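Note sheet for the following structure.
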Amino acid sequence: MNSLNHSAFLDRSCAENAEPGRPPAIVPVIMCGGAGTRLWPVSRDTMPKQFIPLFGQESTFQATAKLVSDPSVFTKPIVVTNVEYRFIVAEQLGALGIDAQIILEPRRRDSSAAVAIATQFALSQIGPCVVGVFAADHVVRDEASFIETCRQGAALAAQGRIVTIGITPTRPETGFGYIRAGEEVAADAYRVSAFVEKPDAARAAQYVADGYLWNSGNFIFDAATMRAELRTFEPSLWEAAATALAQATMDLDCLLLDADSFGKAKKVSIDYAVMERTDKAAVVAGGFQWSDVGGWPAVWELSPKDESGNAVEGRGYILEGANNFVSADGSLVAVIGLDDIAVIATRDAVLVTAKSRAGQVKEMVGLISARGDAEATTHQEIHRPWGKYLSIDRGSRHQVKRITVKPGGTLSLQKHYHRAEHWVVVRGTAEVTRNEETILVHENESIYLPIGCVHRMSNPGKIPLEIIEVQVGSYLGEDDIVRLQDVYRRV
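First residue of the sequence shown? That's 43 in the working numbering, and the numbers climb one at a time after it.
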């Protein structure tokens, strides 16, 4: 692995660990590589739920990053994400002013591989330490209680335990796993007697009555202990992860894991790989409100409601209905005389479901994908490191896009074999390279780019650049982009 400067990690963790009687600092690891199919059509592969502002102005990823930014408890964070989301992660962290080490997975694996990578990275850069693994798509209310639970978990982890954060149930819930606590191993901390899969309604009610905890899927552990357990239970996975990290390369400000080595890692969750097999598992109960936002009913539950229990986002209207959730992005949605449903309308897809059947959304996405509809995985609005574009209209030989380029943003130097493009500037100033020319195109001006010409667009100004692009040609796919140079190293 390239030599990296992680003195911020070293100084922070060593100083905290040196203070006797105080829980060790936690190296926070935020995992945010998943796709979040259960919140389709808002969440899709091109922009999954953890990066979407479902509640307020910030995404759940940003909320998690802020949650683990208290310097009295946490070190500089590690973010493990898919390579496709690297620029979204960097942009959203930058908006908060939070510095993190971003580690890129070249392909999707389950949580065990991510935990193995983060554990080995922390050990290699820091040495003995306590690591906390937190999901980027969860919602936590009551920061003070969360911090206190983390302190408690860190003290227990320093004794060689792998600690999971349990949540005291507020109701019987069939969508969560449960934890049965055993004997007390420290004040308000217990050995894990059993992990229990998602139950039916009757069994969930019994679990709540018997004092079981919800399994939040967030962990705090001694890094050396986790390494030993992974080596014991999943030696080939550990070897693949360790090799992928050892052969990683720096790509801009991110650490890109070796694709071949990482591809050999087994797809298995950390629950199955370690937590259900180790004798070192312990649980502490978090007293804070928590949700894994696992579907639209969870979004409804966390959203403000009117006196009839209806939650509405955007241009939604409900007449004579109760306990509904309506999200209308762009389209106007009207609901009459219905109860307990969810209606989610985006620019290009609409979902209507009984809230009680929302667990089948993933199945529906599979059906849509199997029939070849791109809406299963792709949004109309696509984010790029330089900004974003929105597909407005498309026909057999034309496509219209609205392109927004951030101040200082630069598209790749490129050409197309099958299409010509017309750019009309509607806001700001574009600096356009067209073959050997460099041209400034101002608001209400346009430029034509014929098939095959080498071109590039930049925003030299201080405000977002907005243009309307009209493509005309025999083939309009994104794979008809031949990149010649790119400041974001996508060539």
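Here a beta-carbon is modelled for each residue, glycine too, at the ideal position from N, C-alpha and C.
These figures come from a predicted structure and were not determined experimentally.
Let me confirm a value: residue i is counted as buried when at least 16 other C-beta atoms fall within 10 Å, else exposed. Which label applies?
{"i": "residue 108", "result": "exposed"}
{"i": "residue 527", "result": "exposed"}
{"i": "residue 89", "result": "buried"}
{"i": "residue 230", "result": "exposed"}
{"i": "residue 517", "result": "exposed"}
{"i": "residue 242", "result": "exposed"}
{"i": "residue 409", "result": "exposed"}
{"i": "residue 271", "result": "buried"}
{"i": "residue 490", "result": "exposed"}
{"i": "residue 416", "result": "exposed"}
{"i": "residue 525", "result": "exposed"}
{"i": "residue 251", "result": "exposed"}
{"i": "residue 513", "result": "buried"}
{"i": "residue 487", "result": "exposed"}
{"i": "residue 413", "result": "exposed"}
{"i": "residue 99", "result": "exposed"}
{"i": "residue 128", "result": "buried"}
{"i": "residue 492", "result": "exposed"}
{"i": "residue 533", "result": "exposed"}
{"i": "residue 362", "result": "exposed"}
{"i": "residue 156", "result": "buried"}
{"i": "residue 481", "result": "exposed"}
{"i": "residue 57", "result": "Legend: pLDDT at residue 57 = 39, less than 50; position of this residue unreliable, value from coordinates given subsequently. Answer is exposed; the Cβ neighbour count stays below 16."}
Is the beta carbon of residue i less than 8 Å from the beta carbon of residue j?
{"i": "residue 325", "j": "residue 232", "result": "yes"}
{"i": "residue 344", "j": "residue 146", "result": "no"}
{"i": "residue 257", "j": "residue 204", "result": "no"}
{"i": "residue 265", "j": "residue 161", "result": "yes"}
{"i": "residue 255", "j": "residue 210", "result": "yes"}
{"i": "residue 65", "j": "residue 200", "result": "yes"}
{"i": "residue 364", "j": "residue 350", "result": "yes"}
{"i": "residue 165", "j": "residue 245", "result": "no"}
{"i": "residue 293", "j": "residue 531", "result": "yes"}
{"i": "residue 83", "j": "residue 510", "result": "no"}
{"i": "residue 333", "j": "residue 180", "result": "yes"}
{"i": "residue 74", "j": "residue 158", "result": "no"}
{"i": "residue 485", "j": "residue 470", "result": "yes"}
{"i": "residue 184", "j": "residue 420", "result": "no"}
{"i": "residue 422", "j": "residue 389", "result": "yes"}
{"i": "residue 378", "j": "residue 394", "result": "no"}
{"i": "residue 501", "j": "residue 451", "result": "yes"}
{"i": "residue 612", "j": "residue 520", "result": "Lying outside 43 to 533, the shown extent of the chain, residue 612 is not represented and no answer is given."}
{"i": "residue 279", "j": "residue 307", "result": "yes"}
{"i": "residue 237", "j": "residue 219", "result": "yes"}
{"i": "residue 449", "j": "residue 505", "result": "yes"}
{"i": "residue 396", "j": "residue 407", "result": "no"}
Would you please state the rounded distance, in angstroms, between the beta carbons of residue i and residue j? I believe it to be under 8 Å.
{"i": "residue 80", "j": "residue 336", "result": "6 Å"}
{"i": "residue 494", "j": "residue 443", "result": "So it is not a contact: roughly 20 Å between Cβ atoms."}
{"i": "residue 104", "j": "residue 143", "result": "No, residue 104 and residue 143 are not in contact; Cβ-Cβ is about 17 Å, not under 8 Å."}
{"i": "residue 310", "j": "residue 152", "result": "5 Å"}
{"i": "residue 94", "j": "residue 174", "result": "Wrong, their Cβ atoms sit about 24 Å apart, outside the cutoff."}
{"i": "residue 312", "j": "residue 154", "result": "5 Å"}
{"i": "residue 106", "j": "residue 176", "result": "6 Å"}
{"i": "residue 235", "j": "residue 253", "result": "Actually they are not in contact, since the Cβ atoms of residue 235 and residue 253 sit about 11 Å apart, beyond 8 Å."}
{"i": "residue 353", "j": "residue 367", "result": "5 Å"}
{"i": "residue 123", "j": "residue 131", "result": "5 Å"}
{"i": "residue 148", "j": "residue 125", "result": "5 Å"}
{"i": "residue 172", "j": "residue 330", "result": "No, residue 172 and residue 330 are not in contact; Cβ-Cβ is about 20 Å, not under 8 Å."}
{"i": "residue 267", "j": "residue 356", "result": "Not quite, the Cβ-Cβ distance comes to about 47 Å (not below 8 Å), so this is no contact."}
{"i": "residue 515", "j": "residue 439", "result": "7 Å"}
Can you find a C-beta in chain C that's less than 8 Å from the C-beta of residue i?
{"i": "residue 401", "result": "Of the protein chains in this structure there is only one, and it is not chain C."}
Tell me whether residue i counts as near the ligand ATP, meaning its Cβ is closer than 7 Å to at least one heavy atom of that ligand.
{"i": "residue 206", "result": "As presented, the structure is devoid of all ligands, the ligand ATP included, so that no description of it is given."}
Exercise. Would you call the segment 312 to 322 and the segment 183 to 197 in contact, with 3 or more CB pairs under 8 Å?
Worked result: no
Problem set entry | Contiguous alpha helix (DSSP H) assignments of at least 4 residues, all confined to the segment 211 to 293 | 243 to 251, 265 to 275 and 277 to 288
Exercise. Given 8 Å as the limit, is there contact between the segment 111 to 120 and the segment 65 to 82, that is, 3 or more CB pairs closer than that?
Worked result: yes
Exercise. Any chance the segment 426 to 436 sits against the segment 463 to 472, with 3 or more Cβ pairs inside 8 Å?
Worked result: no
Exercise. Using 8 Å as the Cβ pair cut-off and three pairs as the minimum, do the segment 302 to 317 and the segment 269 to 289 touch?
Worked result: yes
For this session: Could you pull out every unbroken alpha helix (DSSP H) segment of at least 4 residues lying fully inside the segment 318 to 381, listed in chain order?
Result: 338 to 344
Exercise. Does the segment 476 to 485 come close enough to the segment 387 to 400 to have 3 or more Cβ pairs within less than 8 Å?
Worked result: no
Exercise. Is it a yes or a no for the segment 483 to 500 touching the segment 447 to 461, going by three-plus beta-carbon pairs under 8 Å?
Worked result: yes
Problem set entry | In chain order, each beta strand (DSSP E) run of at least 3 residues that lies wholly inside the segment 135 to 222 | 143 to 147, 172 to 177, 181 to 183 and 204 to 209
For this session: Scan the segment 83 to 116 and note each continuous alpha helix (DSSP H) run of 4 residues or more that stays entirely inside, going in chain order.
Result: 102 to 109
Problem set entry | 3 or more residues per run - each beta strand (DSSP E) lying fully within the segment 444 to 502 | 455 to 457, 461 to 469, 472 to 476, 479 to 483, 488 to 491 and 497 to 500
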